[in-house]
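Position 129, counted from 1, in the sequence shown is what the numbering used here calls 131; the numbers after and before it change by one each time, with no gaps. All C-beta atoms in this analysis are idealised placements derived from N, C-alpha and C, irrespective of residue type, glycine included.
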Amino acid sequence: GTRIKELNELIIQSAGEVFNISSPKQLSEILFDKLGLKPTKKTKSGYSTDAAVLESLKSAHPIIEFILEIRELEKLKNTYVDVLPSLVQGWSGRLHTHFNQVITATGRLSSTNPNLQNIPVRTDLGKRIRSTFIAKDEDHVLMAADYSQIELRVFAHLSKDPNLIEAYCNEVDIHTETAAAIYQVDPAFVDS
């Protein structure tokens with residue numbers, strides 16, 4: 003919260019006026035009209051200020067770094083830091099997620115209150131938040147599981163396609179195998 007307040011002040015100082023940083027329209031006016039930065043993407047309502055646009059403008063003006071940082075901090079604060087304490091169960095003093103198998107259209111398992119599938123890992127702050135999720139004691143563990151392309155595995159089983167089945171039995175990357183077959187090259191020559 004303290005850093006968000008500091009960033010708000012730095013952004014307003016950099017802009018030279020008070021404005022609503024959360025308003026894409028006002029932010030667009032500051033960045034592209036007032037500060038003269040070159041817009042890279044236009045939307046129905048004006049120039050885009052989405053993350054990709056801001057990333058491309060990082061070196062154009064110091065205000066961009068402040069905006070990217072405040073967005074990251076606000077997301078972490080609003081999604082995790084402020085919410086997670088309210089989800090702690092009184093009976094255990096711990097978080098207990100709810101796993102749902104019938105909510106997603108694909109039939110994948112989802113997790114709610116909290117959504118353990120979206121705990122951040124890319125940034126140092128995100129890693130700090132993730133590090134707060136710990137097992138109850140040494141007799142318990144947190145487990146991460148991945149269906150690993152479950153739809154394609156089901157498709158391989160139902161279609162009985164020998165190439166798909168062989169790829170999965172040999173634990174090769176199905177996307178690499180598919181690209182190699184389509185372009186008639188050795189899998190070693192397939193890049194991302």
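Express the C-alpha separation of residue j and residue i in angstroms, rounding to a whole number.
i	j	result
Ser-161	Gln-151	15 Å
Phe-21	Asn-117	33 Å
Lys-36	Ala-54	21 Å
Gly-38	Ser-25	18 Å
Met-145	Val-104	21 Å
Ala-182	Ala-169	12 Å
Asn-172	His-159	15 Å
Gln-119	Arg-110	12 Å
His-177	Ser-113	27 Å
Pro-64	Phe-157	50 Å
Asp-139	Gly-3	31 Å
Ala-17	Arg-155	53 Å
Phe-34	Asn-80	28 Å
Lys-44	Asp-163	45 Å
Leu-86	Val-174	39 Å
Gln-186	Val-192	10 Å
Measuring only from the beta carbon, is residue i closer than 7 Å to any heavy atom that is part of the ligand PLP?
i	result
Lys-7	Only the bare structure without any ligand can be found here, which leaves the ligand PLP out of the picture.
Could you pull out every residue in the same chain whose Cβ sits closer than 7 Å to the Cβ of residue i, ignoring the five residues on either side in sequence?
i	result
Thr-42	Val-55 and Ser-58
Ser-30	Gly-48, Tyr-49 and Thr-51
Lys-27	Ser-47 and Gly-48
Arg-132	Ile-121, Pro-122 and Val-123
Leu-89	Leu-97, Asn-115 and Pro-116
Phe-68	Leu-9, Leu-12, Ile-13 and Ser-16
Tell me which same chain residues have a C-beta within less than 6 Å of the C-beta of residue i, skipping the five on either side of it?
i	result
Val-143	Ala-137
Ile-66	Leu-56, Leu-59 and Lys-60
Please go through the same chain and pick out, in chain order, the residues whose beta-carbon is closer than 8 Å to the beta-carbon of residue i, but skip the five residues on each side of it.
i	result
Ile-72	Ile-6, Leu-9, Asn-10, Ile-13 and Ile-23
Lys-129	Pro-122 and Val-123
Leu-127	Glu-74, Leu-75 and Leu-78
Glu-179	Asn-165, Ala-169 and Pro-189
Tyr-82	Pro-116, Ile-121, Pro-122 and Ile-131
Based on DSSP bridge pairs, tell me the residues matched to residue i.
i	result
His-100	Thr-114
Gln-1	Any answer about residue 1 is impossible in this case: the structure gives the chain only from 3 up to 194.
Grouping DSSP H, G and I as helix and E and B as strand, with all else coil, what is residue i?
i	result
Arg-124	coil
Ile-136	coil
Thr-106	coil
Ser-194	coil
Ser-16	helix
Phe-21	coil
Val-83	helix
Length-filtered (4 minimum) alpha helix (DSSP H) runs lying within the region 141-187: As far as the region 141-187 is concerned, its whole alpha helix (DSSP H) runs of at least 4 residues are 152-161, 164-171 and 176-185.
Length at least 4, wholly inside the region 23-59: the alpha helix (DSSP H) runs in chain order: Within the region 23-59, complete alpha helix (DSSP H) segments of at least 4 residues are found at 26-30 and 53-58, given in chain order.
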